[in-house]
Every structure is written in structure tokens, then in C-alpha cells.
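Visitor:
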Amino acid sequence: MSAMNNLPPDIIEAILRRLPEKSLGRFKSVSKQWCSLISDPQFIKTHLHQHNHHKTSKLILVSDTKCLYSIDINEIVPHLKNDEIPATGNEITFRPQSIRWEGILGSCNGLVLAIDEDDRLYLMNPTTRKISKLPLSPFALPISESFEMYGFGYDSSTDDYKVIAISFWDTDNEHNPDCTDMFVNVYTLSNNSWRKLPNSPYDHAVGHLVSGVLVNGSLHWLTSTRPNYSSTIIAFNLANEKFKEIELPDSIDNYKAVFNELVVIGGKLCLFNQLGNDLWVMEEYGVGMSWTKVSIHGVDIDNVKPICSVEDSNRDIVMGDEDGVIIYNVDDRVCRNVRILRGPTRFTIGGTYVESLVLPTYIREIP
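Numbering (numbering that gives the first Met the number 0), first residue to last: 0 to 366.
1. Counting only runs of 3+ residues fully inside the stretch 318–358, write out the beta strand (DSSP E) ranges in chain order.
2. In three-state DSSP terms, what is residue 295?
3. Can you tell which of 127, 129 and 121 has its C-alpha closest to the C-alpha of residue 136?
4. Looking only at its own chain, which residues have a Cβ that is under 7 Å from the Cβ of residue 289, when we skip the five neighbours before and after it?
5. In whole angstroms, give me the CA-to-CA distance for residue 368 and residue 189.
6. With DSSP collapsed to three states, give me the class of residue 90.
7. By the 10 Å Cβ neighbour count, where 16 or more other Cβ atoms means buried, how is residue 302 classified, buried or exposed?
8. What residue range does the beta strand (DSSP E) around residue 152 cover?
9. Less than 7 Å between the CB of residue 163 and some heavy atom of the ligand MN, yes or no?
10. Leaving out five residues before and five after residue 215 in sequence, what residues of the same chain have Cβ atoms less than 7 Å from its Cβ?
11. Nearest by alpha-carbon distance to residue 181: which of 326, 201 and 170 is it?
12. By alpha-carbon positions, which one of 164, 144 and 145 ends up nearest to residue 368?
13. Would residue 222 be called buried (16 or more neighbouring beta carbons within 10 Å of its own) or exposed?
14. So residue 244 packs on residue 251, CB below 8 Å; how close in whole Å?
15. Residue 241 to residue 8, Cα distance in whole Å?
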């Protein structure tokens, strides 16, 4: 350590930038100078970009006891050819311990958007174990009389993180039974506040009420157009905050497509048909002719869907259902069960995240 202290500051910084996130978290205690450097927003941003191409996703699970667990996908790589693949579940704990989690709504650059059982939103970093509570939106509709879906991502044009909320009235509510407006609000991390945007021209009250899928700086949903109510994929650009349509695969029924699901595999936008176990991959973003069909055979589990691909192998796809994780090899057409050690026995898969040092620094942290 004394030898390190004798090195020029720029050499020390270059060495630290090459270290993993958890090591840097420990090295904050070496000295005030190291703590200040590792906590610097520019260092965090540089470290994220430098390691971004080597990131391994981690699964995040929500147990039936309302707790969070993570599974390192890299851990399963040596066992991919085993009949049963072992993986370790690690509980993700924060302060205060009283938070009971309802679900995961999205992730980006190591930050995760989550909701608790009281419908409060949080931004968290499972790696650094930092967490912040978002302010209540002044534009939110009454919870008991409406539906709401979210999306979360990074706006590179302003170096800011945004939460998108799309809400609409329940048609059974007594106050606005005929209101079909789709309200759009955006939360920006830099000023810790919500803004109201123009209403969405699309009908989001169809298919699955799921979070937006983040690809290429835009959040994506399956919706219906008005007035003919044909299906379409819409992309909400986080930079210009506008919607645009993405072309569906030619062979998809234009009126039933909303009952499929959007997922991200290997960084590419995908459409999954659960009934036929067909996965459509958009090989070139925004190009309708680039949709490629991948048939998934031999999966007998109900309600299973693709979650992500295994590191350095788009041929091995992590799939999940209620209380189960499997690995499907596209070439062999073989499913292998993942046996979770020390994890929950009953859970839902909330999604994935990557390790990073990124913090919600503009929000007052929970003490």
C-alpha cells in the first residue's frame, strides 16, 4: 500500500478504474483521497463505460416474503452442460429493513427501479446497497381507480435518469368511466421532480400491463393504435420524450400482437409469443425487415418467458416462470433446470441488472 501511495495520482486512478465494483467499495476506506476519487461522479461514469462491454447480468428475484435476491449468471457458465445447474441466491438488503417489495419495474446502468407493497417507488443500487425513495407524483391518479405502468432508463443527451409513468382510469371507476386518456408523466433524477407530458395517442389498456423495455435509448411497449385498434410496438425516446412506432414482424397477427411480450436478449429488442414459444429478434434496431424467428422447442413449463442471454453466448437463453429458472440452448434445443442454493423457494423473476457504482446522487438518501 505504501508503494501505491508513492505513485502519481493519475496512475492510481488508472489502476482503480480497472477494478471491479465491490473491490472499489472496500477500497473507499483506504484513505480520504481514495474515497473522494471513487465517489467522484466523473470517476463513476468513466468506470461504467470502461467496464460496460464486460458486464455480466444478474437476475433479481422477488420472493413470496417480499424480499429481494440476486443470482450471478456468470456463476452458472461452467455448468451449462450439466443436467441441473447450481446457482447461489444472495439476499439484497437495504436500510430500513422494513421495506416489503412488490416488484421490479426496470433497470439501467446498475440502478434498479422497484415498487413496494404500498405502491411507493424506489431507485436502488443492489451492488452498493444504496437506496432512495422517489417523491410522490402530483399527477398520479387514485390507485384504487386506475392502472399505471412504468419505464426506467438513461437519457444520454442530458446525462440524466428518467422514470416514465403511463396511467389511465379503470373503466369501472365512478368518477371518469368514459375517460380513455392515457396520461404520461416523467420523473427526472437531476431535479428530483415529476413533469406532465402530452397524453399518449395510443391505447395502453390492452395486453399485459408491464414495464417498458429499454433498448437503444428508448422504452418500448406493445399497444393498440387508434381508431382501428391494430397492434403496434411504440418506442418512447428518452431524449426527445416523443413516441414513434416500431414495425412488427410480418407474420404476427396485427390485432393479437398485444398479447405477446417484449423482452431484451443480447441487447436486442425481441417479441415473445408464449403460446407458440416463438421468439422474434430484431437484429438491426428499427429495421422491420431484420426480424428473425427463433423457435423454442422442448419447453413444457407454463408461463415461461425469456429473461436474458448468458454472457458471451446468445445461444444460451435464461428463461423463467413462477418459481423456476431454466437455461435453454438454441442449438441443442435442450432445457436445463437451475437449482437455486440458499435462495427463496417461491419467487418471481423481476429482471436483470449489472454491477456498477452509479448512485441516485440527486435524491436525498434514506437514513
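Cβ coordinates follow ideal geometry from the N, Cα and C atoms, glycine included.
Guide: Let me lay it out:
1. 323–328, 333–340 and 346–352
2. Translated into the one-based positions of the sequence shown, residue 295 becomes position 296. In the structure shown, residue 295 sits in coil (DSSP, three-state: anything other than H, G, I, E or B).
3. For the purposes of this step, residue 136 is taken as the residue at position 137 of the sequence shown. Among 127, 129 and 121, the Cα nearest to that of residue 136 belongs to 121.
4. Taking the first residue of the sequence shown as 1, we reach residue 289 at position 290. Counting only Cβ-Cβ distances below 7 Å, and skipping sequence neighbours, we find 281, 282 and 283.
5. A query on residue 368 cannot be resolved here, the shown segment of the chain reaching from 0 to 366 and no further.
6. Here residue 90 refers to the residue found at position 91 of the sequence shown. DSSP places residue 90 in strand when its eight states are reduced to three.
7. The sequence position of residue 302 within the sequence shown is 303, counting from 1. Residue 302 comes out exposed.
8. Here residue 152 refers to the residue found at position 153 of the sequence shown. 145–154 is the span of the beta strand (DSSP E), which, as asked, contains residue 152.
9. The ligand content of the structure shown is nil, which means the ligand MN is not present either.
10. For the purposes of this step, residue 215 is taken as residue 216 along the sequence shown, with counting starting at 1. These residues qualify, in order along the chain: 284.
11. Position 182 of the sequence shown holds residue 181. Cα-wise, what sits closest to residue 181 is 201.
12. This structure does not reach residue 368, given that the chain is present from 0 up to 366, and the question cannot be answered.
13. Counting from 1 along the sequence shown, the entry for residue 222 is found at position 223. Residue 222 is buried by the Cβ-count criterion.
14. For the purposes of this step, residue 244 is identified with residue 245 of the sequence shown, where counting begins at 1. For the purposes of this step, residue 251 is identified with residue 252 of the sequence shown, where counting begins at 1. Contact flag wrong, Cβ pair sits at about 14 Å.
15. If you number the sequence shown from 1, residue 241 lands on position 242. If you number the sequence shown from 1, residue 8 lands on position 9. For residue 241 and residue 8, the distance between alpha carbons rounds to 44 Å.
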